[in-house]
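Enquirer: Taking our numbering, I'd label the letters of the sequence shown as residues 423 to 831. A virtual CB, placed ideally from N, CA and C, is assigned to each residue, including glycine. On a predicted model such as this, the values are computed, not experimentally measured, just so you know. Just passing along the structure, written as structure tokens.
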Amino acid sequence: MCTSFGATTCGSRILENFCAPYDATAIRKLLDADAVLIGKTNMDEFAMGSSTENSGLKQTVNPWAPDRVPGGSSGGSAAAVAARLCPVSLGSDTGGSIRQPASFCGVVGLKPTYGRVSRYGLVAYGSSLDQIGPFGRTVADAALMMNVIAGHDPSDSTSVDETVAPVPDYLAGIDEPVEGLRLGVVSAFNAGSEASVQVALNVAIDVYRQAGAEIVEIDLPHFDYAIAAYYVIATAEASSNLARYDGVHYGHRTANPADYIQVYSRSREEALGQEVKRRIMLGTYALSSGYCDAYYLKALKVRNLIRSDLVRAFEQCDAIVMPVAPTTAFKIGEKTDDPLQMYLSDIYTISANLAGIPGISVPCGLDEDHLPIGLQVLAPAFSEAKLLRIARMFEAATDWHRKKPALVE
Ligand code: GLN
């Protein structure tokens, strides 16, 4: 997020010395609310990754275990809250980058509905998917942040008109349970996760059942195609969005180029990381003439099917509960040589971005290695207030959100 103070690097060497001339709207709103901004945090380069290992500048470790990743791409923001460096932080979520690091670091992370929080000043990755949201130690912290950052912004044409979807007070009534709550579950999803995640999820479902919720089995038939569709759409959008880092408009410029072609090619070659290059090439390929129909347009059709699956599911239930990620925080270096394995970490989070709906991660357990597990709750567009109340119901009945890493005991 652009800030008029300090550097705005996006975790990339290409922007290592870039100072933005203005504040992102979310930042400006926080400053106007007298927030004290104490720093900016590490992330995967241009938000591409699930472990923060793709940062071109720094390494971030998980405060719960220094040999583990904090998740990503907003890993620094989640780790900072978990390590009690700050009570709240901001991240961006294009395919899970708030919810997954929140889960890995044992904090709360909320991805709002697409258009609820202004993206003005958020450096674009996949513009149709990106959304800014808060991290906090509790659901109430996330609600408080939403009260400050949500709302229409004339500077972001995709931010939603408040006459269409009014912005509620997210904190008011947060402790009131949702009466007659119906929660959707997809048993097959839970079964696809690590044993500790499955156990925690089943216990969480029981917590809701005891609070009076009705659990309904739902079907999301196109979810299996979410990762494939996402990695075409997100990379296609990224290949266009990242064209501006060319040594001319923005960013690092190569020394002594022989001609103008070299200005572009060498500047990008020298300062962009491997994963970013991979995605620019993938996205450019998916958009190229002859392949656009087969890949990009097809992915958009799959996106529509996933969106319709969710709309249909929400006719049967108020919210859906599922894991945030199939595993807890993995070891640093464990997946860096295998991008496909890394992409699979996003299996449960990506659909919310494809459909534009809000999702939250709340701490719901610790595995045998004492690593946090997150519970994901998804709800229909613009129902963040209800989503926060549903998450708060769980928090009120459990004390997982009070657990802290040994580091801060
Ligand atoms: N892990 C996903 C990716 O690499 C999501 C990242 C994000 O939400 N920014 O694209």
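Just confirm the distance between the C-beta atoms of His674 and Ile436, as a whole number of angstroms; I'd bet it's less than 8 angstroms.
Expert: In the sequence shown, residue 674 corresponds to position 252, counting from 1. In the sequence shown, residue 436 corresponds to position 14, counting from 1. With a Cβ gap of about 5 angstroms, His674 and Ile436 count as contacting.
Enquirer: Any contact of the segment 712–732 with the segment 569–589, i.e. 3+ C-beta pairs under 8 angstroms?
Expert: Too few Cβ pairs lie closer than 8 angstroms, so no.
Enquirer: Can you list, in chain order, the stretches of the alpha helix (DSSP H) that have 4 or more residues and sit fully within the segment 561–632?
Expert: Whole alpha helix (DSSP H) segments, 4+ residues: 561–571, 609–613 and 617–632.
Enquirer: Nearest to Glu438 by alpha carbon, out of Thr430, Asp445 and Tyr444?
Expert: Here residue 438 corresponds to residue number 16 of the sequence shown, with the count starting at 1. Closest option to Glu438, Cα to Cα, is Thr430.
Enquirer: Below 9 angstroms between beta carbons: does that hold for Ala735 and Ile637?
Expert: By 1-based counting over the sequence shown, the position of residue 735 is 313. By 1-based counting over the sequence shown, the position of residue 637 is 215. It is not a contact, given that the beta carbons lie outside the stated cut-off.
Enquirer: Any idea what DSSP makes of Ala741, helix, strand or coil?
Expert: The sequence position of residue 741 within the sequence shown is 319, counting from 1. Of the three classes helix, strand and coil, the one that applies to Ala741 here is strand, per DSSP.
Enquirer: Short of 6 angstroms in beta carbon distance, which residues of its chain neighbour Lys826, apart from the five on each side in sequence? Order them along the chain.
Expert: Stepping through the sequence shown from its first residue, residue 826 is reached at position 404. Contacts found: none.
Enquirer: Closer than 8 angstroms to a non-hydrogen atom of the ligand GLN - does that hold for the CB of Asn624?
Expert: Here residue 624 corresponds to residue number 202 of the sequence shown, with the count starting at 1. Not so, every heavy atom of the ligand GLN lies at least 8 angstroms from the Cβ.
Enquirer: Would you check whether the ligand GLN has a heavy atom nearer than 8 angstroms to the C-beta of Ser495?
Expert: Working through the sequence shown from its first residue, we reach residue 495 at position 73. Flag set: Cβ of Ser495 near the ligand GLN.
Enquirer: In chain order, what residues of the same chain have a beta carbon less than 7 angstroms from the beta carbon of Ala442, not counting five sequence neighbours either side?
Expert: As a position in the sequence shown, residue 442 is number 20, starting the count at 1. So the qualifying residues of the chain are Cys424, Thr425, Ser426 and Thr430.
Enquirer: Using only the heavy atoms of the ligand GLN, determine whether one of them is closer than 8 angstroms to the beta carbon of Asn775.
Expert: The residue given as residue 775 occupies position 353 in the sequence shown. Asn775 Cβ: within cutoff of the ligand GLN.
Enquirer: In terms of alpha-carbon separation, which member of Ser618, Cys739 and Asp597 lies closest to Phe816?
Expert: For this step, residue 816 is matched to residue 394 along the sequence shown. Phe816 has its Cα closest to that of Asp597, out of Ser618, Cys739 and Asp597.
Enquirer: State whether the segment 463–476 contacts the segment 749–767, with contact taken as three or more CB pairs (one from each stretch) at a distance under 8 angstroms.
Expert: Yes, the segment 463–476 is in contact with the segment 749–767.
Enquirer: By Cβ distance below 8 angstroms, which residues in the same chain neighbour Tyr444 in space, the five residues on each side in sequence not counted?
Expert: Residue 444 sits at position 22 when you count from the first residue of the sequence shown. The answer, listed in chain order, is Cys424, Ser426 and Gly543.
Enquirer: Do three or more CB pairs link the segment 662–670 to the segment 778–789 at distances below 8 angstroms?
Expert: The answer is no - the segment 778–789 does not touch the segment 662–670, with fewer than three Cβ pairs under 8 angstroms.
Enquirer: According to DSSP, simplified to helix, strand and coil, what is Phe645?
Expert: Reading the sequence shown from its first residue, position 223 is the one you call residue 645. Note: Phe645 maps to helix in three-state DSSP.
Enquirer: Hey, Leu605 and Ala635: beta-carbon distance below 9 angstroms or not?
Expert: Within the sequence shown, residue 605 is the residue found at index 183, counting from 1. Within the sequence shown, residue 635 is the residue found at index 213, counting from 1. Contact flag set, yes.
Enquirer: Are Ile795 and Val619 close, meaning C-beta to C-beta below 9 angstroms?
Expert: Start at 1 with the first residue of the sequence shown, and residue 795 comes out as number 373. Start at 1 with the first residue of the sequence shown, and residue 619 comes out as number 197. Cβ distance < 9 angstroms, so Ile795 and Val619 count as in contact.
Enquirer: What is the C-beta distance between Ser519 and Ser540, in whole angstroms, given that I count them as a contact (C-beta under 8 angstroms)?
Expert: What you label residue 519 is simply residue 97 of the sequence shown in a count that begins at 1. What you label residue 540 is simply residue 118 of the sequence shown in a count that begins at 1. The pair is not a contact, with the Cβ atoms about 18 angstroms apart (cut-off 8 angstroms).
Enquirer: Nearest-angstrom Cα distance between Trp486 and Ser661?
Expert: Numbered from 1 along the sequence shown, position 64 holds the residue referred to as residue 486. Numbered from 1 along the sequence shown, position 239 holds the residue referred to as residue 661. Rounded to whole angstroms, Trp486 to Ser661 spans 35 angstroms at the Cα level.
Enquirer: Under the DSSP definition of a beta bridge, which residues are partnered with Lys723?
Expert: Walking along the sequence shown from the start, residue 723 turns up at place 301. For Lys723, which the question treats as bridged, DSSP gives no partner whatsoever.
Enquirer: Quick check on the DSSP output: the alpha helix (DSSP H) that includes Pro761 runs from which residue to which?
Expert: Within the sequence shown, the letter at position 339 stands for residue 761. First-last of the alpha helix (DSSP H) with Pro761: Pro761 to Leu766.
Enquirer: Name, in chain order, the residues that DSSP records as bridge partners for Gly755.
Expert: Here residue 755 corresponds to residue number 333 of the sequence shown, with the count starting at 1. According to DSSP, Gly755 bridges with nothing at all.
Enquirer: Are the CB atoms of Gly517 and Ala658 nearer to each other than 9 angstroms?
Expert: Locating residue 517 in the sequence shown gives position 95, where the first residue counts as 1. Locating residue 658 in the sequence shown gives position 236, where the first residue counts as 1. No, the pair does not count as a contact, with Cβ atoms beyond the cut-off.
Enquirer: Where do the N-terminal and C-terminal ends of the alpha helix (DSSP H) with Val698 fall, by residue?
Expert: Stepping through the sequence shown from its first residue, residue 698 is reached at position 276. Per DSSP, Val698 belongs to the alpha helix (DSSP H) from Gln696 to Leu709.
Enquirer: Nearest to Val545 by alpha carbon, out of Asp466, Ser615, Val503 and Asp456?
Expert: If you number the sequence shown from 1, residue 545 lands on position 123. Val545 has its Cα closest to that of Asp466, out of Asp466, Ser615, Val503 and Asp456.
Enquirer: Below 8 angstroms on the Cβ atoms is my guess for Tyr630 versus Gly778; work out the distance and round it to an integer in Å.
Expert: Position 208 of the sequence shown, counted from the first residue, corresponds to residue 630. Position 356 of the sequence shown, counted from the first residue, corresponds to residue 778. Contact flag wrong, Cβ pair sits at about 25 angstroms.
Enquirer: Note down, in chain order, each residue of its chain lying with its Cβ closer than 6 angstroms to the Cβ of Met744, except the 5 sequence neighbours on either side.
Expert: In the sequence shown, residue 744 corresponds to position 322, counting from 1. Counting only Cβ-Cβ distances below 6 angstroms, and skipping sequence neighbours, we find Phe611, Tyr770 and Gln798.
Enquirer: With the cut-off set at 9 angstroms, would you say Thr463 and Ser499 are in Cβ contact?
Expert: Here residue 463 is taken as the residue at index 41 of the sequence shown, counted from 1. Here residue 499 is taken as the residue at index 77 of the sequence shown, counted from 1. Contact: yes.
Enquirer: What are the uninterrupted segments assigned as alpha helix (DSSP H) that are 4 or more residues long and contained completely in the segment 472–535, given in chain order?
Expert: Fully enclosed alpha helix (DSSP H) runs of 4 or longer: 497–504 and 521–527.
Enquirer: How big is the Cα-Cα spacing for Thr482 and Gly461?
Expert: In the sequence shown, counting from the first residue as 1, residue 482 sits at position 60. In the sequence shown, counting from the first residue as 1, residue 461 sits at position 39. If I take the Cα positions, the gap works out to 15 angstroms.
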